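Q: These protein sequences, in sequence, are chains A and B.
In terms of the UniProt record's numbering, the first sequence opens at residue 1 and continues consecutively.
In terms of the UniProt record's numbering, the second sequence opens at residue 1 and continues consecutively.
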Amino acid sequence: MTGGGRGIEGARERWVRSGEVELCVAELGDPADPTVVLVHGYPDSKEVWSEVAARLRDRFHVVLYDVRGCGRSTAPRPLRGGFTLERLTDDFLAVVDALSPDAPVHLAGHDWGSVQGWEFVTAARAQGRIASFTSVSGPSLDHFGHWIKERAARPTPRRAAHLLRQGAKSWYVYALHTPLLPEAAWRGPLGKRWPALLERLEKVPRGPYPTPSLPSDAAHGAWLYRDNVRPRLRRPREDAYAHAPVQLITPTGDAFLSERLYDGLERWAPGLERRTLRAGHWVPRTRPGQLAEWIASFASAHQDGTASPARRRPPRDRYAERFAGRLVLVTGAASGIGRATAFAFAEAGARVVAVDVDAEGAARTAELARLTGAPEAWAECADVSDGQAMEKLAARTAAEYGVVDILVNNAGIGVSGPFLETPEDVWRKVLDVNLWGVIHGCRVFGRQMAERGEGGHIVNTASAAAFQPSRTLSAYGTSKAAVLMLSECLRAELAGLDIGVTAVCPGVVATGITSTTLFTGVPEEEQRRLRERVTRLYGRRNYPPERVADAVLRAVYEDRAVVPVAPEAHGLRLLARFAPRLRRSVARLDPRF
Amino acid sequence: MDSGGLDLPGFRNVQRLAYDCAEAVAARLRPGTTERDAARMLRQWLRLRGVRDWFHLPFAWFGDRTAFAGFRVPAQFFPTGRRLEPGMPFILDLAPVHHGFTADVGYSGSLGPNPLHTRLLDDLRDHRDLVLREVRERRTLREIYEDVDRLMMRQGYVNRHRAYPFGVIAHKVGRVAERRWSPHVLGFGAQALKGLAADLAHGHREGWSPLWSPHRRSDHPPVPGLWAVEPHLGFRGTGAKFEELLVVTDSRDPEESAFWLDDDLPHVRRGEGRTGR
Numbered sequence: 001m002t003g004g005g006r007g008i009e010g011a012r013e014r015w016v017r018s019g020e021v022e023l024c025v026a027e028l029g030d031p032a033d034p035t036v037v038l039v040h041g042y043p044d045s046k047e048v049w050s051e052v053a054a055r056l057r058d059r060f061h062v063v064l065y066d067v068r069g070c071g072r073s074t075a076p077r078p079l080r081g082g083f084t085l086e087r088l089t090d091d092f093l094a095v096v097d098a099l100s101p102d103a104p105v106h107l108a109g110h111d112w113g114s115v116q117g118w119e120f121v122t123a124a125r126a127q128g129r130i131a132s133f134t135s136v137s138g139p140s141l142d143h144f145g146h147w148i149k150e151r152a153a154r155p156t157p158r159r160a161a162h163l164l165r166q167g168a169k170s171w172y173v174y175a176l177h178t179p180l181l182p183e184a185a186w187r188g189p190l191g192k193r194w195p196a197l198l199e200r201l202e203k204v205p206r207g208p209y210p211t212p213s214l215p216s217d218a219a220h221g222a223w224l225y226r227d228n229v230r231p232r233l234r235r236p237r238e239d240a241y242a243h244a245p246v247q248l249i250t251p252t253g254d255a256f257l258s259e260r261l262y263d264g265l266e267r268w269a270p271g272l273e274r275r276t277l278r279a280g281h282w283v284p285r286t287r288p289g290q291l292a293e294w295i296a297s298f299a300s301a302h303q304d305g306t307a308s309p310a311r312r313r314p315p316r317d318r319y320a321e322r323f324a325g326r327l328v329l330v331t332g333a334a335s336g337i338g339r340a341t342a343f344a345f346a347e348a349g350a351r352v353v354a355v356d357v358d359a360e361g362a363a364r365t366a367e368l369a370r371l372t373g374a375p376e377a378w379a380e381c382a383d384v385s386d387g388q389a390m391e392k393l394a395a396r397t398a399a400e401y402g403v404v405d406i407l408v409n410n411a412g413i414g415v416s417g418p419f420l421e422t423p424e425d426v427w428r429k430v431l432d433v434n435l436w437g438v439i440h441g442c443r444v445f446g447r448q449m450a451e452r453g454e455g456g457h458i459v460n461t462a463s464a465a466a467f468q469p470s471r472t473l474s475a476y477g478t479s480k481a482a483v484l485m486l487s488e489c490l491r492a493e494l495a496g497l498d499i500g501v502t503a504v505c506p507g508v509v510a511t512g513i514t515s516t517t518l519f520t521g522v523p524e525e526e527q528r529r530l531r532e533r534v535t536r537l538y539g540r541r542n543y544p545p546e547r548v549a550d551a552v553l554r555a556v557y558e559d560r561a562v563v564p565v566a567p568e569a570h571g572l573r574l575l576a577r578f579a580p581r582l583r584r585s586v587a588r589l590d591p592r593f
Numbered sequence: 001m002d003s004g005g006l007d008l009p010g011f012r013n014v015q016r017l018a019y020d021c022a023e024a025v026a027a028r029l030r031p032g033t034t035e036r037d038a039a040r041m042l043r044q045w046l047r048l049r050g051v052r053d054w055f056h057l058p059f060a061w062f063g064d065r066t067a068f069a070g071f072r073v074p075a076q077f078f079p080t081g082r083r084l085e086p087g088m089p090f091i092l093d094l095a096p097v098h099h100g101f102t103a104d105v106g107y108s109g110s111l112g113p114n115p116l117h118t119r120l121l122d123d124l125r126d127h128r129d130l131v132l133r134e135v136r137e138r139r140t141l142r143e144i145y146e147d148v149d150r151l152m153m154r155q156g157y158v159n160r161h162r163a164y165p166f167g168v169i170a171h172k173v174g175r176v177a178e179r180r181w182s183p184h185v186l187g188f189g190a191q192a193l194k195g196l197a198a199d200l201a202h203g204h205r206e207g208w209s210p211l212w213s214p215h216r217r218s219d220h221p222p223v224p225g226l227w228a229v230e231p232h233l234g235f236r237g238t239g240a241k242f243e244e245l246l247v248v249t250d251s252r253d254p255e256e257s258a259f260w261l262d263d264d265l266p267h268v269r270r271g272e273g274r275t276g277r
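(1) What does M88 of chain B reach in chain A if we use C-beta pairs closer than 9 angstroms?
(2) So R364 of chain A contacts chain B; which residues on that side make the cut at Cβ distance below 9 angstroms?
(3) Given a cut-off of 8 angstroms on the beta-carbon distance, is the pair H177 of chain A and V136 of chain A in contact?
(4) Opposite Y65 of chain A in the DSSP bridges: which residues?
(5) What is the DSSP secondary structure of Q468 of chain A, counted as helix, strand or coil?
(6) Considering only DSSP beta bridges, list what residue 279 of chain B is partnered with.
(7) What's the call for R230 of chain A, buried or exposed, on a 16-neighbour Cβ count within 10 Å?
(8) May I have a chain-ordered list of the beta strand (DSSP E) segments no shorter than 3 residues that lie completely inside the stretch 347 to 417 of chain A?
(9) Under the three-state reduction of DSSP, which class applies to Q76 of chain B: helix, strand or coil?
(10) Using a Cβ-Cβ distance under 8 angstroms, would R133 of chain B count as near chain A?
(11) Can you list, in chain order, the residues of its chain whose CB lies under 6 angstroms from that of D217 of chain A, leaving out five sequence neighbours each side?
(12) Relative to the C-alpha of L121 of chain B, which residue among B:S257, B:F235, B:S251 is closest?
(13) Is the separation between the beta-carbon of V483 of chain A and that of R491 of chain A shorter than 8 angstroms?
(14) Using a Cβ-Cβ cut-off of less than 7 angstroms, give me the residues of the stretch 117 to 149 of chain B that come near chain A, in sequence order.
(15) At a Cβ cut of 8 angstroms, what residues of the stretch 65 to 89 of chain B count as close to chain A, listed as they run along the chain?
(16) Which residues in chain A sit within 9 angstroms of P222 of chain B, going by Cβ to Cβ distance?
(17) I want to verify the contact list: residues of chain A whose CB lies under 8 angstroms from the CB of R236 of chain B, in sequence order.
(18) Run down chain B in chain order and give the residues with a C-beta less than 7 angstroms from the C-beta of R339 of chain A.
(19) What is the rounded straight-line gap between the Cα of G289 of chain A and the Cα of S300 of chain A?
(20) Can you pull the chain A residues whose beta carbon is under 7 angstroms from the beta carbon of L115 of chain B, in chain order?
(21) Could you give the residue range of the alpha helix (DSSP H) that holds H220 of chain A?
(22) What residues of chain B sit near L79 of chain A, judged by a beta carbon separation below 9 angstroms?
(23) Which residue from A:A124, A:A98, A:W49, A:A363 puts its Cα closest to that of T211 of chain A?
(24) How is the alpha helix (DSSP H) around T514 of chain A delimited, first residue to last?
(25) Would you call the stretch 393 to 408 of chain A and the stretch 436 to 447 of chain A in contact, with 3 or more CB pairs under 8 angstroms?
(26) Return helix, strand or coil for L92 of chain B, following the three-state DSSP convention.
(27) Does the beta-carbon distance from E243 of chain B to A228 of chain B come in below 8 angstroms?
(28) Run through DSSP, which three-state label would E150 of chain A get?
(29) Give the interface partners of G512 of chain A over in chain B, defined as CB-CB distance under 8 angstroms, in chain order.
(30) Measuring only from the beta carbon, is P375 of chain A closer than 7 angstroms to any heavy atom that is part of the ligand SAH?
(31) Quick one: grab the DSSP three-state call for K480 of chain A.
(32) With DSSP collapsed to three states, give me the class of V173 of chain B.
(33) Assuming the contact rule is C-beta atoms closer than 8 angstroms, R129 of chain A and L93 of chain A should be a hit. Round their C-beta distance to whole Å, please.
(34) In the DSSP output, which residue or residues are listed as bridge partners for F83 of chain A?
(35) Return helix, strand or coil for E127 of chain A, following the three-state DSSP convention.
(36) Report the three-state DSSP secondary structure of L233 of chain B (helix, strand or coil).
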């Protein structure tokens, strides 16, 4: 027996024999439920899955095992030749035969567990034993072999760059092929420092993982590479087609695997379901909730184990891969940019909460969001400037719909007029909605995101007026500049929690804001005329809120800090940066409507 | 009924003919039919029934082209090789001239169920009511245009008639001289264009415009005559419109001052749960 893993809380352990090795298997949940088998990677043991397993145990019969030579499973003798994918397939089938003899299992693998999973799901002898496969950060060596061959055979600049990038990310694979040295490092200084390294570089929270068996797991696991990588990459199997539906989860911040590696994977796995998330390599530790959710929903959708290759799939949509099923909350969602943003997220398959003081408008947004493609959408009536109401909203949202993944603080009002003629209550109102609304949103929902610890994103709608002063926009510009600064500060603060913060600066966009803008220092009649006039001007500019919504999705996808949208917003930002004196001259212009 | 000397039954007949044509062709659309196929079917159906001249040649838009997605130049309005797929929305827009009477109709549908499209069609009803009500109140055309815009915005849709030439929500139609030879220019019938040009010149002198647009030249109360009204809603990749003739008269009685030429049309019947004439 190697090492001494602490096991998983509440798990029933048993031993399964596969040829010469004894595998340590842990079971959770009711064996009558559908079985999910979780396979760990390198240098890990089954405990890497503990958080995910805990979240699946109520709905599934969860089975985890230590791969041969890892954790408490025994290692083959001799080590060389004992870790080939054929032997690993023997192990998997032995475990499945012992624990789910009658029904096919749902398989999920991370890292080398996923590499193995691809072998199982493409090997003829495992056909009928797997109902679905969720692959996380581990390509099939055969597909990888073909991927390299195709790019090496016709190295266009782009394909050559793909090769070089992945080649650089695979440095550790070359290192593991040197004899003895890796073992010495793992049993020595590397093994000791590994937990600290994981915490610093991969943001893996400290805890019972990694287990004390790490040095021997890692030393034995080196043979996974030595036994398989060279033969498979040199002569990849030609028949590596998946015989079960596959879900591919790609973390975009993976230090070891390039996203490009999975290009064209549909050829090998028809009906492939793709999902991406912004995270590093150790997703089972850093995003257990999200991962468990995806494994569970994919398993539930493929309970009968039939692949669905006949279904015609729409072309790949990067937003759908990222946002499908995520919970998005948008304030100010009854009109304009908020509404368009809600629809854009709905179209990508996100679940949407539309919040507005205008309950009817919010309900309308939610209804159309459902028709647009949101699996679920709800309307909530709340005043963002009311801190207590926002607290209540956050509590209700968390209880009924879950923790918000993406928050869009968009609600805002327009105010225009000279400073000396702007009364105090107008100042209070604009700051209450435009600034305090954002503060409340960030506070109540940001806290939930931080407590969950699985990252998230906050988008705050600022304005081009945040960097361009104007003699007529003192109140509005002040509130929006504050939102911009708040976003930048928060971004710095929350980066460690993987919560991205974006300030969006739209520009002149045709929305309802102009028809409710308060023009101060003018009589009622003039106020109405000004609103009509400005609305017409904005209408003639005709920059649609849908384009701002697209910019919001792109900003979340790419985790951008400050996003000017319309050309004038870009222009004013450049002005602010490079021509501050010109900017001040522009600020003095008195627009006459 | 004082309708300014207009021969309404003639217009009503050709409008019915046009809608019958749209319904007949819509029933024949199949997955794989292209916009060009559909436009040809519309043309042939009407030619067989004696139509020789057009206000404009029939248009057909499928899929996201119903919302004029990415339209930049007028040439994009013409039918393309876009193929119809199950669930796709489509719009057939045709304007035949029959015995000198002009109709201009728009028919929206979808190939199989499309809940979003159904919702758009339901919401179009409000625009039909709004336009009639405000025309009867003799609001200026520009104000009505802006009220339609506001209603669309409240409903969550985008104004897509803005994409039409001059951004019009409606235009005047009238009688057209019957000629043996009826050429068309850029898809528009030469005779109809001549009539429109005459109206433009006429209106320019009197301070009104036959093109109902958001611009200053439409800042006048409704002018008696026949107006082909075509509010067009867009929602991301889905668009829906209707187009039918509104009769405006100079009667003092509100009921008589404006009315829809025919209330027995497919998009009116669907709202009332009726299925056919």
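Glycine included, C-beta positions come from ideal geometry on N, C-alpha and C.
Note that the coordinates shown come from a computational prediction; the quantities given were computed from them, not determined experimentally.
A: Quick answer:
(1) What M88 of chain B touches in chain A: nothing, since even the nearest Cβ is about 13 angstroms away.
(2) R154, Q155, G156
(3) The answer is no: Cβ separation not under 8 angstroms.
(4) A:V25, A:V39
(5) coil
(6) Since the first residue shown for chain B is 1 and the last is 277, residue 279 of chain B is missing from the structure and cannot be characterised.
(7) exposed
(8) Within the stretch 347 to 417 of chain A, the complete beta strand (DSSP E) runs of at least 3 residues are 351 to 356, 377 to 381, 406 to 409.
(9) Reduced to three states, the DSSP call for Q76 of chain B is helix.
(10) Interface with chain A (8 angstroms Cβ-Cβ cutoff): R133 of chain B is excluded.
(11) These residues qualify, in order along the chain: P43, S45, C70.
(12) B:F235
(13) The answer is no: Cβ separation not under 8 angstroms.
(14) R119
(15) none
(16) Simply none; closest approach about 20 angstroms.
(17) F343, E347, T372, E546
(18) G156
(19) 16 angstroms
(20) Reading off the sequence, residue 115 of chain B comes out as Pro, not Leu. Residues of chain A passing the Cβ test: L371.
(21) In the DSSP annotation of this structure, the continuous segment of the alpha helix (DSSP H) that includes H220 of chain A starts and ends at 214 to 234.
(22) The CB of L79 of chain A never comes closer than 9 angstroms to any CB in chain B; the least such distance is about 56 angstroms.
(23) A:W49
(24) 513 to 516
(25) yes
(26) strand
(27) yes
(28) helix
(29) M153
(30) Here there are no bound small molecules, and the ligand SAH is not part of this structure.
(31) helix
(32) strand
(33) Between L93 of chain A and R129 of chain A the Cβ distance is about 7 angstroms, and since that is below 8 angstroms, they are a contact.
(34) DSSP output for F83 of chain A lists no bridge partner at all.
(35) Correcting the residue type first, residue 127 of chain A is Gln in the shown sequence and not Glu. If DSSP states are grouped into helix, strand and coil, Q127 of chain A belongs with coil.
(36) strand
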